[in-house]
Each structure stands twice: as C-alpha cells, then as structure tokens.
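Structure first, commentary second.
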Amino acid sequence: MVVRVDLNISLDGFATTTDQTPENPFGEDWSRLVGPYTATRTFQDRVLHEPAGGTTGVDDKYAAEYFDGIGAEIMGAGMFGLHNFPDDPSWQGWWGDETPFRYPVFILTHTTRAPIDVPDGTRFEFLAASPEEALERAVDAAGGEDVRIGGGPTVVKAFLEAGLVDRIHVGITPILGRGINLWDGLRGLEDGYQASAEAADDGVTHLTFRR
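This is the structure in structure tokens:
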C-alpha cells in the first residue's frame, strides 16, 4: 500500500486558477491547465461516461494509472464543492450518481455532515481531522489498496509537509499559472525520493517522485 498524489500543475508550479466566477466555477484557465488530462480516453470514460472517445498515448497512460489500484481517497472541501455550495444541504458533489471513484472518499472539512452513499459504491465521509488521523481512516477503508490524496493543493501540501506521501505524480502543463503554488514552502522535498520524467507529444511533462 502506498499513499499517492496526482495533480496537474502549471509550468511554474501552480495547481489552481483564479478566474472562477459564479457562472463558471472552474474558470477558463482551469480548462487550459487540465485540458490534456480531460481529453484522454480514460477521463472521457471514467468521469464523463463517454467510452467511445478520447486521446491515447502518454497522457492517457498516466490518467489510467490515476485510478489503478486505489482503495480510498482523501480530498478537501473545495474539491468536493463545499466552498461553492456551503449552505446547500442537498449538495452531493460534482459527480451525480455515477462518480469516478467507486470506493470510500474522505472529505476534510471544518463543518461535518452525514455520510453520503452513492449507488455506484462510493461513500463520502466528512471529517474534521488532521492529515494523520484522516490517513489512518483511509488506510483502514482501502483494504490493502493504495490511498490517494486527491486535492486540492492545500490538502496535498499538508500531507507532503507531514511526510505522509510515498509517490507524487504531477502532469506539468506548459502554461504559466496563478493561485496556489504546490511547491511553496516545500524546499528540499525531493530528498528521499527518486525522480523520473516522461514527455507527451502535447508538451506535458509527467514528473514522478517515488520514495
């Protein structure tokens, strides 16, 4: 069992954008940042439930690995959508009745609520917990499979700062970004990891750190 991170970041290390509006909660920059990933066959099938389309190649290889062998996931309230819909008790995430997860997902939030069970087998649980406490819960739920720290970057940074992540994969999209920089405050993080890189034809560099 390993603890994994998979994120898309900009050339200068940003994992978020700042051009969101109520009408466009993701923003135009977000589509540029994650465009190579969302174009893959794996994303089209697993997330959009459109199995007939999508790109193949290096980006799709890493997109498939994103889901492979995961038994539980931890994410922040923002990734689940609670920052956008904080007062909506009926909000159950962005994904509807067919999520891309199909395993337990733990959402770190200061305002807990009752768990949500999705017909596809996903269970969302809401925790007010430290990274160590949340990881202990997720490891128990994963049944020997891997645990992914899904994001956003503030949550990922907390787990990196605590030394809890075994494998870090970032897809570096060749755009300049703004917002939250993944690497701020993490100088020397590479110590204790072995790095490898693989380039896709569209200019995305897939950089992986393994203990």
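Under this note's numbering, the very last position in the sequence shown is 219; numbers go up by exactly one each time. Note that the Cβ used here is the ideal one computed from N, Cα and C, for glycine as well. Treat the numbers as computed from the prediction; the structure is a model and nothing was measured.
Just verifying my parser: in three-state terms, what is the DSSP assignment at Asp34? Sequence index remark: in the sequence shown, residue 34 carries index 26 (1-based). According to the sequence as given, residue 34 is Phe; it is not Asp. Three-state DSSP puts Phe34 in coil, outside helix and strand.
For Val164, report the span of its alpha helix (DSSP H) as first-last. Walking along the sequence shown from the start, residue 164 turns up at place 156. Annotation: the continuous alpha helix (DSSP H) that includes Val164 extends over Pro161 to Glu169.
Give every residue of the same chain whose Cβ lies closer than 8 Å to the Cβ of Val66, excluding the five residues on either side of it in the sequence, and list them in chain order. As a first step, residue 66 must be located in the sequence shown, where it is residue number 58. Within the same chain, Val66 has close Cβ partners Glu206, Ala207, Ala208, Asp209, Val212 and His214.
Would you check if the distance between the CB atom of Ser39 and the CB atom of Ile183 is smaller than 7 Å? Translated into positions along the sequence shown, residue 39 becomes position 31. Translated into positions along the sequence shown, residue 183 becomes position 175. No; because the gap between Cβ atoms is not below 7 Å, this pair is not in contact.
I'd like the list of long-range same chain contacts for Val10, defined as Cβ closer than 6 Å, with 5 residues on each side in sequence excluded. By 1-based counting over the sequence shown, the position of residue 10 is 2. Close CB contacts of Val10 within its chain, under the 6 Å cut and outside five residues either way in sequence, are with Asp154, Asp174 and Arg175 (chain order).
Using the three-state DSSP reduction, which class does Ser39 fall into: helix, strand or coil? Against the sequence shown, residue 39 aligns to sequence position 31. Residue state, collapsed to three classes: helix.
Are the beta-carbon atoms belonging to Gly160 and Gly84 less than 7 Å from one another? To locate residue 160, count along the sequence shown from 1; it is residue 152. To locate residue 84, count along the sequence shown from 1; it is residue 76. Yes.
Report, in whole angstroms, the separation of the C-beta atoms of Trp102 and Gly86, which I expect to be a contact under 8 Å. Taking the first residue of the sequence shown as position 1, residue 102 is located at position 94. Taking the first residue of the sequence shown as position 1, residue 86 is located at position 78. 11 Å between Cβ atoms; not a contact.
Inter-residue CB distance, Val163 and Leu116 (contact presumed, cutoff 8 Å): Against the sequence shown, residue 163 aligns to sequence position 155. Against the sequence shown, residue 116 aligns to sequence position 108. The Cβ separation is near 6 Å, so the contact holds.
In the DSSP output, what is Asn92 paired with across the bridge? Residue mapping note: residue 92 aligns to position 84 of the sequence shown, counting from 1. Beta-bridge annotation (DSSP): Asn92 is not paired with any residue.
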